[in-house]
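To start, the structure under review is shown below, and the notes come after it.
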Amino acid sequence: YVVSEFPGDKTFTVGFLDKQSKYNEIRYAEGLVRELGKKNYNKNIDSEEYFKSIPTVMYYMDEPLADPSCIALYFVDKLAAEQIKVVLSGEGADEFFGGYNIYREPEALKKVAWIPFRLRRAVRKLAAKLPDVKGRDFLIRAGMKVEERFIGNAYIYCEKEKAQILKNKVTGPSTQEYLSQFYEELESENRGSLQDMEKMQSVDLNYWLPGDILQKADKMSMAHSLEVRVPFLDKEVFDFAAKLPKEAKIAAGTTKYIFRKAVSEFLPQETDERKKLGFPIPIRVWLRQDDWYQMVTDLFTSKEAEEFFHTEKLLQLLNDHKDKKADNSRKIWTVLTFLIWYDRFFTTCSK
Numbered sequence: 099y100v101v102s103e104f105p106g107d108k109t110f111t112v113g114f115l116d117k118q119s120k121y122n123e124i125r126y127a128e129g130l131v132r133e134l135g136k137k138n139y140n141k142n143i144d145s146e147e148y149f150k151s152i153p154t155v156m157y158y159m160d161e162p163l164a165d166p167s168c169i170a171l172y173f174v175d176k177l178a179a180e181q182i183k184v185v186l187s188g189e190g191a192d193e194f195f196g197g198y199n200i201y202r203e204p205e206a207l208k209k210v211a212w213i214p215f216r217l218r219r220a221v222r223k224l225a226a227k228l229p230d231v232k233g234r235d236f237l238i239r240a241g242m243k244v245e246e247r248f249i250g251n252a253y254i255y256c257e258k259e260k261a262q263i264l265k266n267k268v269t270g271p272s273t274q275e276y277l278s279q280f281y282e283e284l285e286s287e288n289r290g291s292l293q294d295m296e297k298m299q300s301v302d303l304n305y306w307l308p309g310d311i312l313q314k315a316d317k318m319s320m321a322h323s324l325e326v327r328v329p330f331l332d333k334e335v336f337d338f339a340a341k342l343p344k345e346a347k348i349a350a351g352t353t354k355y356i357f358r359k360a361v362s363e364f365l366p367q368e369t370d371e372r373k374k375l376g377f378p379i380p381i382r383v384w385l386r387q388d389d390w391y392q393m394v395t396d397l398f399t400s401k402e403a404e405e406f407f408h409t410e411k412l413l414q415l416l417n418d419h420k421d422k423k424a425d426n427s428r429k430i431w432t433v434l435t436f437l438i439w440y441d442r443f444f445t446t447c448s449k
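With the first letter of the sequence shown counted as 1, position 181 gets the number 279 in the working numbering; the numbers rise by one all the way through.
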């Protein structure tokens, strides 16, 4: 929608693997801008270029951020900065209008809402002991209140997993405990009128949007002296979105329902109906390749890793991922980016 209304004619896209891959949206971008009479400048990023850029990206981030898309954003901003000084970007639309697929979860859980919560709670404890089979996570989450199960879009390690891999005991409140006061304030301010999806949206608006989405947008653009403007974050847009009922956001089996309806007349049908992908990065694929597996193994057994982690646990995560016993890519990536950030600021700088 931003592209269709933007008076300029330049758009920028980066992709991964080949153009037919699910990790590559260049073909869609080219098709859309062609119909809109604009130009698309794009580039494919290979694994070597991606991994080599991590220390530089961590330097510009200043603090650890375990979101693989920040590196993709670094490259697309670099591409844009070669030609222009100011860009428009679509940050905020998902948080305002209910664009994340996880927001559909409360509707899915209604299928078992007729079962007494105490019984669902008991089933959850049994399901937690099962191997990672289809349906297990659904049973676990069905036995939890939204305040327990949703801490935002960046939930990577549960408290038990953190205790297993960290050498030093975790101090301070758990993530759920940290958010409990926020949930209580939401409940009090809205007199218990908010639905689960609206509570999830509030968490993302207050934590995920400023802590991840806008942080990487700001820092990756500034890395290339590029100004980013975010029209969806206009106060009037927020005021309008805040008044919309849940049914206007999640409906007819899709996300951002009313937003999609409103902009459909400006977009080609194929674009309007296409499933949201976010900014997909093939780290799960790359981490199973021998060269990158070895690189991560070396990092996970380094002196720095041994200072903070039980390295045998890290290697187990890595090996289970390589052997396709589990998709541990985000867990591996979280530790990997921390170690590279730590090396960039504390090891390299001290030499």
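All C-beta atoms, glycine included, are put in the ideal place defined by N, C-alpha and C.
- The Cβ-Cβ distance between Ile-311 and Leu-385 does not fall below 8 angstroms.
- Counting only runs of 4 or more residues that sit fully inside the segment 140-177, the alpha helix (DSSP H) segments are 145-150 and 152-159, in chain order.
- Under the Cβ criterion (8 angstroms, minimum of three pairs), the segment 277-289 does not count as touching the segment 138-148.
- Residue range 409-420 is occupied by the alpha helix (DSSP H) that includes Thr-409.
- Just so you know, the alpha carbons of Phe-110 and Lys-267 end up roughly 45 angstroms apart.
- Listed in chain order, the alpha helix (DSSP H) runs fully inside the segment 194-228 are 203-207 and 215-225, counting runs of at least 4 residues.
- By the C-beta density criterion, Lys-297 is buried, having at least 16 other C-beta atoms within 10 angstroms.
- Scanning its chain for C-beta atoms nearer than 7 angstroms, with the 5 sequence neighbours on each side dropped, one finds around Glu-402 the residues Leu-437, Tyr-440, Asp-441 and Thr-445, in chain order.
- Assigned with DSSP and collapsed to three states, Gly-309 falls in helix.
- A straight line joining the alpha-carbon of Arg-222 with that of Ala-240 spans about 7 angstroms.
- Pro-153 and Leu-134 have their C-alpha atoms some 38 angstroms from each other.
- Taking the C-beta atoms as reference points, Ile-379 is found nearer than 8 angstroms to Ser-167.
- It is roughly 5 angstroms from the alpha-carbon of Tyr-172 to the alpha-carbon of Met-318.
- When only Cα atoms are considered, Ala-226 and Asp-302 end up about 26 angstroms apart.
- Residue Tyr-255 holds the alpha-carbon nearest to the alpha-carbon of Ser-427 among Glu-325, Glu-283, Ala-340 and Tyr-255.
- Taking a cut-off of 8 angstroms on C-beta distances, the segment 238-253 touches the segment 271-279, as three or more cross pairs fall below it.
- For the pair Leu-307 and Asp-175, the Cα-to-Cα distance works out to about 19 angstroms.
- The Cβ atoms of Gly-188 and Lys-347 lie no closer than 8 angstroms to each other.
- Note on Trp-390: 16 or more other CB atoms within 10 angstroms of its CB, so buried under the neighbour-count rule.
- Relative to Pro-229, the option among Ala-424, Pro-105, Tyr-253 and Gly-190 whose CA is nearest is Ala-424.
- For Leu-264, there is no enclosing alpha helix (DSSP H), since its DSSP letter is neither H nor E.
- Counting of Cβ neighbours within 10 angstroms places Asp-294 among the buried residues, the total reaching 16 or more.
- Annotation: Glu-123 is outside any beta strand (DSSP E) and is labelled neither H nor E by DSSP.
- Between the alpha carbons of Phe-194 and Val-185 lies a gap of roughly 21 angstroms.
- Ranking Ala-178, Gln-262, Arg-358 and Ser-145 by CA distance to the CA of Lys-137 puts Ala-178 first.
- Straight across, the Cα-Cα distance linking Val-433 with Lys-411 is about 12 angstroms.
- Beta-bridge pairing by DSSP links Leu-186 to Arg-327.
- Rounded to the nearest angstrom, the Cβ distance from Tyr-158 to Ala-321 is 4 angstroms, consistent with a contact under 8 angstroms.
- Val-112 has Lys-141 as its beta-bridge partners, per DSSP.
- Looking at the backbone, the Cα of Val-326 and that of Gln-392 are separated by about 37 angstroms.
- Take Ile-381, set aside five residues on each side of it, and the residues of its chain with a beta-carbon closer than 6 angstroms to its own are Pro-166, Ser-427 and Trp-431, in chain order.
- For Gln-392, the enclosing alpha helix (DSSP H) stretches over residues 388-398.
- Within the same chain, Cβ atoms closer than 8 angstroms to the Cβ of Lys-344 are found at Gly-196, Gln-293, Met-295 and Glu-296, the five residues on either side in sequence being excluded.
- Taking C-beta atoms as the reference points, Phe-364 and Tyr-99 count as a pair closer than 8 angstroms.
- For the set Asn-199, Asp-192, Asn-417 and Gly-309, the Cα lying nearest the Cα of Ala-164 is the one of Gly-309.
- In this structure, His-408 and Ile-263 form a Cβ contact; the two beta carbons are roughly 6 angstroms apart against a cut-off of 8 angstroms.
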